[in-house]
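As structure tokens, the structure follows; a few thoughts come after it.
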Amino acid sequence: MAEDFLPFTRPSLDPDTIAGVGEVLASGWLASGPWVERFEQALSDYHGGRPARVVTSGTAALELALAACGIGPGDEVLVPAMTFAATANVVLRAGARPVFVDVDPKSRNLLPEDAEAAITPRTRAIVPVHFSGLPADMAAIRDLAARHGLRVIEDAAHAIGARIDGRPVGSEGDIACFSFHPNKNMTSIEGGALLLDDADALQRIEALRFHGIRRNAKGEIDIVEAGGKFNLPDVNARVGCDQLARLDDFNARRRALAERYFEQLLSMRLPVELPARGDGGHAWHMFQLLIPFDALGLDRPGFIAAMRERGIGIGVHYPALHETTLYRRLDPRPCPNASRVGRETVTLPLFPAMREPDVDRVCTALAEVLPGS
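Take the sequence shown: its letter number 299 is residue 302 in the working numbering, and every next letter is one higher.
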């Protein structure tokens, strides 16, 4: 394997951020504290003043959003069949039933018309995923939700800094959930956040993220329900603050690299299908191709191994969720586009520290590995 191995992603942490972590550790305040408050305020400011609450992960954010919406046993929640497992797992863990909706094969975002066909009297919410940082059709989704009385919980795990009509994803609407895992566009080591305006839901989320505790005007503790422990440590929040300050630069770099991929791959005419290009609002969390492995007489593990031999890391995001062992038991609706994406998708390297020659190197390796190139 080449010594200069290029992974499919890598976080960007600068010396000031690393030094800042040391300062937090030296302060002696390691649990949620002043840096959590700063991080929440910075996220709120970034999203036009909308209240933000940070938690331990994007999964925790989704779980708390469902609880705040009162989703539970007997309810159904619409989720795309092409997404990470967390999007559906949290629904199942709430005692509700995830109902899978097919996606557009180029954008990987759920199809509003397929969502509408899946609605039943038990449907309570819809969870659009802004896949790979490309915003979903929120106008159509919100219209659908309004007509059927559904809550909208945006899974924006891929989409921090993405924009719809110039406004950051999550700055309007019902509830938006973000992830700050190390492979995301910005990181807080681990962490997540919710953005919402509903005062009652905010108060409930604050209690649920820390043991169901509320304090009265005298500062006395009361337990109002059986909450969990999802509070973010100050070390994580310190990293998150620095990363958020650099987010727009990170995303601009990602867009430039994605454009380089388009230029190279369109000129090379390889036997691949490129992703939806989107517009200036795309956050480009990932750059993915569809490769017709069966038609090319190639299997995906062999392709990944051949690219790795050339020093290129390839991801798979994701298997079709409705075809996994857990969710096949629910007898899900057929989602042929998601099934195809699950069979053919590969994720190419894309992260801010990459340079144009890195993109060219990936494309050259693709041409060497793919039959008929």
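Note that CB positions come from ideal geometry on N, CA and C, so glycine has one too. The model shown is predicted, which means the values in this text are computed figures rather than measured ones.
Between the CA atoms of residue j and residue i - distance to the nearest angstrom
i, j, result
"Phe-11", "Leu-46", "27 Å"
"Leu-351", "Gly-136", "15 Å"
"Gly-173", "Leu-198", "6 Å"
"Val-365", "Ile-315", "7 Å"
"Ile-192", "Phe-103", "30 Å"
"Arg-56", "Ala-368", "43 Å"
"His-325", "Gly-25", "44 Å"
"Gln-44", "Arg-303", "44 Å"
"Asp-7", "Asp-334", "45 Å"
"Gly-176", "His-50", "12 Å"
"Arg-256", "Ile-224", "47 Å"
"Ala-323", "Asp-48", "36 Å"
"Pro-374", "Glu-347", "15 Å"
"Cys-271", "Glu-371", "This sequence places Met at residue 271; Cys is not what is there. Those two C-alpha atoms are separated by around 12 Å."
"Gly-36", "Ser-60", "17 Å"
"Arg-207", "Ala-71", "6 Å"
"Gln-267", "Ala-356", "19 Å"
"Val-80", "Ser-342", "20 Å"
"His-406", "Gly-77", "Outside the displayed range of the chain (4 to 376) lies residue 406, so it cannot be described from this structure."
"Ile-144", "Ala-120", "13 Å"
"Leu-16", "Ala-179", "26 Å"
"Asp-361", "His-133", "26 Å"
"Arg-41", "Val-349", "37 Å"
"Thr-328", "Asn-219", "47 Å"
"Gly-243", "Glu-209", "19 Å"
"Pro-339", "Asp-201", "37 Å"
Best match in the options for proximity to residue i [C-alpha to C-alpha]
i, options, result
"Asp-105", "Ala-162, Val-365 and Pro-337", "Pro-337"
"Tyr-264", "Gly-243, Met-289, Val-242 and Gly-284", "Met-289"
"Trp-38", "Gly-52, Gly-23 and Gly-51", "Gly-23"
"Leu-147", "Ile-129, Thr-327, Pro-274 and Lys-187", "Ile-129"
"Ala-204", "Ala-255, Arg-154 and Val-275", "Arg-154"
"Gly-281", "Ile-167, Lys-187 and Leu-269", "Ile-167"
"Gly-164", "Trp-287, Met-85 and Pro-54", "Trp-287"
"Ala-159", "Ala-120, Asn-112 and Ala-298", "Asn-112"
"Ala-261", "Ala-84, Gly-52, Ile-144 and Phe-354", "Phe-354"
"Arg-13", "Tyr-321, Glu-157 and Ile-317", "Ile-317"
"Gly-300", "Thr-126, Met-141, Leu-95 and Pro-274", "Pro-274"
"Ile-74", "Ile-156, Ala-34 and His-133", "Ile-156"
"Leu-277", "Gly-194, His-285 and Leu-293", "Leu-293"
"Ala-34", "Phe-183, Phe-213 and Gly-305", "Phe-213"
"Pro-295", "Val-58, Phe-181, Pro-171 and Val-344", "Val-344"
"Pro-138", "Asn-219, Ala-162 and Glu-359", "Ala-162"
"Leu-114", "Gly-283, Pro-83 and His-184", "Pro-83"
"Val-94", "Ser-110, Met-85, Leu-69 and Glu-116", "Leu-69"
"Asn-2", "Leu-247, Thr-123, Arg-358 and Asp-201", "No answer is possible for residue 2: the residues shown for the chain start at 4 and end at 376."
"Pro-54", "Ser-110, Gly-283, Thr-123 and Ala-196", "Ala-196"
DSSP three-state assignment for residue i, whether helix, strand or coil
i, result
"Pro-18", "helix"
"Ala-3", "Because the chain is modelled from 4 through 376, residue 3 falls outside the range shown and cannot be assessed."
"Gly-195", "strand"
"Gly-318", "strand"
"Ile-208", "helix"
"Leu-293", "strand"
"Thr-328", "helix"
"Cys-338", "coil"
"Asp-146", "helix"
"Pro-124", "coil"
"Met-4", "Annotation note: pLDDT 44 at Met-4 (below 50); position unreliable, coordinate value reported separately. Three-state DSSP puts Met-4 in coil, outside helix and strand."
"Pro-101", "strand"
"Leu-113", "strand"
"Pro-37", "helix"
"Thr-62", "helix"
"Glu-276", "strand"
"Arg-358", "coil"
"Pro-171", "strand"
"Leu-3", "Because the chain is modelled from 4 through 376, residue 3 falls outside the range shown and cannot be assessed."
"Ala-88", "coil"
"Arg-53", "coil"
"Gly-375", "coil"
Bridge partners - residue i, DSSP secondary structure assignment
i, result
"Leu-9", "Ile-315"
"Cys-180", "Asp-158 and Leu-197"
"Leu-260", "In the DSSP output, where bridge partners are listed per residue, Leu-260 has none listed."
"Ala-225", "According to the sequence as given, residue 225 is Asp; it is not Ala. According to DSSP, Asp-225 bridges with Arg-217."
"Ile-129", "Leu-81 and Val-155"
"Leu-351", "Phe-290"
"Val-106", "Leu-113"
"Arg-166", "Pro-171"
"Lys-232", "Phe-213"
CB contact check: residue i to chain D, cutoff 8 Å
i, result
"Asp-237", "The displayed structure is made up of one protein chain only, and chain D is not part of it."
At least three beta-carbon pairs within less than 8 Å, the stretch 293-313 to the stretch 245-253 | Inter-segment contact for the stretch 293-313 and the stretch 245-253 is absent: fewer than three beta-carbon pairs are separated by less than 8 Å.
Is the stretch 230-242 touching the stretch 28-36, taking contact as three or more C-beta pairs under 8 Å?
-> Enough Cβ pairs lie closer than 8 Å, so yes.
At least three beta-carbon pairs within less than 8 Å, the stretch 224-232 to the stretch 90-99 | Too few Cβ pairs lie closer than 8 Å, so no.
Three CB pairs or more closer than 8 Å across the stretch 83-91 and the stretch 54-74 = Contact holds between the stretch 83-91 and the stretch 54-74, because three or more Cβ pairs, one in each stretch, are under 8 Å apart.
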